[in-house]
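Below: one structure, written as structure tokens.
Numbering (the numbering used here), first residue to last: 1304 to 1419.
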């Protein structure tokens, strides 16, 4: 069945790259490490790069005692993604690590290397 219109009347919330990896030591167990990368080109909070890195997802451990961090080059974007996207996902909202993240600013971020 064809669409009535190819134009969706909605609004773009954000667009960009968002690869991630969620690791488990046991397939039936909890996550043992998580990394979510965001390179955002358009959002209400602007452009930027954000990396959620949880080395202890089941523990409330802030940096430097643990590496449950949100690295960013745009604090507004980091706050926006955390509140409007990451913590809206049930798998992340329930993690103790997300209750005590250390937000750490970075000076710069740029893509490099072989894109194959």
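Yeah, the Cβ is synthetic: ideal placement off N, Cα and C, and Gly gets one too. The structure displayed is predicted, hence computed values, not measured ones.
Top-ranked residue by Cα proximity to residue 1360, from 1354, 1369, 1310: Along the chain shown, one-based indexing puts residue 1360 at 57. Ranked by Cα distance from residue 1360, the options 1354, 1369, 1310 are led by 1369.
Residue 1380 beta carbon less than 8 Å from that of residue 1338: In the chain shown, residue 1338 corresponds to position 35, counting from 1. In the chain shown, residue 1380 corresponds to position 77, counting from 1. Cβ distance not < 8 Å, so residue 1338 and residue 1380 don't count as in contact.
Start-to-end residues for the alpha helix (DSSP H) that takes in residue 1313: Within the chain shown, residue 1313 is the residue found at index 10, counting from 1. No alpha helix (DSSP H) contains residue 1313, which DSSP labels as neither H nor E.
One or two residues paired with residue 1411 in a DSSP bridge: Your numbering for residue 1411 matches position 108 in the chain shown. Beta-bridge pairing links residue 1411 to no other residue.
Contact under 8 Å by Cβ, residue 1340 with residue 1354: Within the chain shown, the letter at position 37 stands for residue 1340. Within the chain shown, the letter at position 51 stands for residue 1354. Contact flag set, yes.
Reduced DSSP secondary structure (H/G/I, E/B, other) of residue 1387: Counting from 1 along the chain shown, the entry for residue 1387 is found at position 84. When secondary structure is reduced to three states using DSSP, residue 1387 falls in the helix class.
Proximal residues to residue 1407 (C-beta, below 8 Å), its chain only, five neighbours per side dropped: Taking the first residue of the chain shown as position 1, residue 1407 is located at position 104. Taken in chain order, the residues that qualify are 1366, 1372, 1373, 1374, 1375.
Closest residue to residue 1326 among 1387, 1409, 1394, 1319 (Cα-Cα distance): As a first step, residue 1326 is located in the chain shown; it is residue number 23 there, counting from the start. Out of 1387, 1409, 1394, 1319, 1394 has the C-alpha closest to the C-alpha of residue 1326.
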